[in-house]
Amino acid sequence: MNLKGAWKMLNVAIVGFGGIAQAAHMPAYKHLQEKGKVRLLAVCDIDPNRFTQKMEINIGGGEENAAAEVRRYTNLETMLANETPELVDICLPTPFHASVASDLLRRGYHVLSEKPMARTYADCLEMIRAARESDRRLMIGQCLRFFPD
570 MNLKGAWKML NVAIVGFGGI AQAAHMPAYK HLQEKGKVRL LAVCDIDPNR FTQKMEINIG
630 GGEENAAAEV RRYTNLETML ANETPELVDI CLPTPFHASV ASDLLRRGYH VLSEKPMART
690 YADCLEMIRA ARESDRRLMI GQCLRFFPD
């Protein structure tokens, strides 16, 4: 299959803007945006302080908080009403992965969710079911899976 020229720029939004979103996901999207692969539209977090504070986690980095470069929301519904992401990147605490991912998939969004996939096997199966029923893509990010101790 020849995919040359088939790449379409993907509109992305991030839900949850804590340490992993700031230290791993945001720099990756910034890099992909510079290459013309994605357009990061917005970030969403219930705590507006996350948009201005620098989160420190044990992976180095040290970049300044980049939320100022995109639109910021404190409510997921408001973000989705005002933005047009094709992919929503879930960087929320683990207990929210399954419910938010399943809902977004059923609403027609592709989903990238941070690990772990969910808290229970049943929740994992529900996420898979939602992806299949909606014909959307579900991917679990393994950003620090193989990061050396």
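Counting in our numbering, the sequence shown runs without a single skipped number right up to 718 at its last residue. Beta carbons are placed, not taken as given, at the ideal position from N, Cα and C, and that holds for glycine. Just so we're clear, the structure is a prediction, and the values are computed from it rather than from any experiment.
N-terminal and C-terminal residue of the alpha helix (DSSP H) that residue i is part of
| i | result |
| --- | --- |
| Asp658 | Taken as a continuous stretch (DSSP letters only), Asp658 belongs to no alpha helix (DSSP H), being part of the beta strand (DSSP E) at 656-659. |
| Tyr598 | 595-603 |
| Met648 | 645-651 |
| Met746 | The structure shown does not extend to residue 746, since the chain spans only 570 to 718, so no value can be given for it. |
Assigned exposure category for residue i - 16 Cβ within 10 Å defines buried
| i | result |
| --- | --- |
| Asp711 | The residue asked about is misnamed: residue 711 is Gln in this sequence, not Asp. Exposed: under 16 other Cβ atoms inside 10 Å. |
| Tyr690 | exposed |
| Ala667 | buried |
| Ile589 | buried |
| Ala699 | buried |
| Met648 | buried |
| Arg705 | buried |
| Met578 | exposed |
First through last residue of the beta strand (DSSP E) which encompasses residue i
| i | result |
| --- | --- |
| Arg565 | Any question about residue 565 goes unanswered here, given that the chain covers just 570 to 718. |
| Glu683 | 679-683 |
| Asn618 | First-last for Asn618: undefined, no H or E at that position. |
Cβ neighbours of residue i in the same chain (closer than 8 Å, five flanking residues each side left out)
| i | result |
| --- | --- |
| Ile697 | Leu707 |
Contacts around residue i, its chain only, beta-carbon distance under 7 Å, and the 5 residues preceding and following it disregarded
| i | result |
| --- | --- |
| Leu645 | Val584, Cys613 |
| Pro685 | Thr663 |
Supposed close pair residue i, residue j - CB separation, criterion 8 Å
| i | j | result |
| --- | --- | --- |
| Leu609 | Tyr598 | 5 Å |
| Val581 | Asp658 | 6 Å |
Cβ neighbours of residue i in the same chain (closer than 6 Å, five flanking residues each side left out)
| i | result |
| --- | --- |
| Arg640 | Ala611 |
| Glu702 | none |
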